[in-house]
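Residue numbers (this note's numbering): 2 to 234.
Below you'll find the structure, written out as structure tokens, and then a few comments.
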């Protein structure tokens with residue numbers, strides 16, 4: 002992860018050399034690539050290669066259309082497919098699980114922090130309902146949101162981006178929303194029937210969650226090690 006951050010710092014410094022039109026195009030491509038399912042290292046590797054090609058074309062006075070083509074999204078998608086095709090199904094599954102676990106932990110910690118700030122006295126805790134919500138958001142909502150962000154990758158002004166998303170919300174987005182809602186209701190019903198309604202809202206203290214969080218972090222790290230070894234083969 003530290004290597005990716007190093008590459009990102011270099012990339013952000015180098016992109017300042019692009020002229021205004023090329024920089025706008027590069028930023029649009031950056032948003033599209035970053036919202037793909039690829040790993041952080043793969044994303045930075047792709048963005049650095051694109052940067053080098055665009056800078057070389059700019060230096061030689063050539064238009065970047067000769068490299069990217071008329072549709073930058075198609076260009077980005079072809080690169081993503083090329084990287085994905087080199088990975089087996091186990092790698093892709095573990096990558097998806099890793100991201101889901103990581104988002105679930107981050108969302109759960111955010112909920113606990115908010116609960117601690119709003120409650121008096123401050124109690125950093127979370128209940129099963131909130132854990133289920135965090136899991137559903139990580140599993141369905143975030144991947145769907147990333148897909149939508151790819152469609153508006155050329156828009157950087159936040160109000161305009163929200164307007165564009167709301168105006169052109171696709172069927173897949175609605176399916177994702179209703180799938181998440183249905184899964185949330187179903188899981189709540191299952192937990193309510195098997196464990197009772199009271200246990201769903203009973204707060205679970207931070208010290209009781211730490212061991213489970215540690216296990217998830219170990220799984221995330223183990224998957225990352227597997228991915229690094231796989232990419233070196």
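Even for Gly, the Cβ is constructed at its ideal location relative to N, Cα and C.
{"Item": "Tell me, to the nearest whole angstrom, how far the beta carbon of residue 102 is from that of residue 217; I am working on the premise that it is less than 8 Å.", "Value": "5 Å"}
{"Item": "Is residue 205 helix, strand or coil by DSSP?", "Value": "strand"}
{"Item": "So, for residue 208: in the same chain, excluding its five sequence neighbours on each side, which residues have a beta-carbon less than 6 Å away from its beta-carbon?", "Value": "none"}
{"Item": "Between residue 229 and residue 36, what straight-line distance do the alpha-carbon atoms span, to the nearest angstrom?", "Value": "20 Å"}
{"Item": "According to DSSP, simplified to helix, strand and coil, what is residue 127?", "Value": "strand"}
{"Item": "From residue 153 to residue 57, what does the alpha carbon distance come to, in whole angstroms?", "Value": "27 Å"}
{"Item": "Going by C-alpha distance, which of 107, 55, 137 and 212 is nearest residue 188?", "Value": "137"}
{"Item": "Cβ of residue 181 within 8 Å of Cβ of residue 141?", "Value": "yes"}
{"Item": "Quick one: measure Cβ to Cβ for residue 40 and residue 89, integer angstroms, because I've assumed they're closer than 8 Å.", "Value": "That belief does not hold up - the Cβ atoms of residue 40 and residue 89 are roughly 14 Å apart, past 8 Å."}
{"Item": "List, from N- to C-terminal side, the alpha helix (DSSP H) runs of 4 residues or more that fit wholly inside the segment 8 to 47.", "Value": "21 to 35"}
{"Item": "Considering residue 87, what are the terminal residues of the alpha helix (DSSP H) in which it resides?", "Value": "No alpha helix (DSSP H) holds residue 87; DSSP gives it neither H nor E."}
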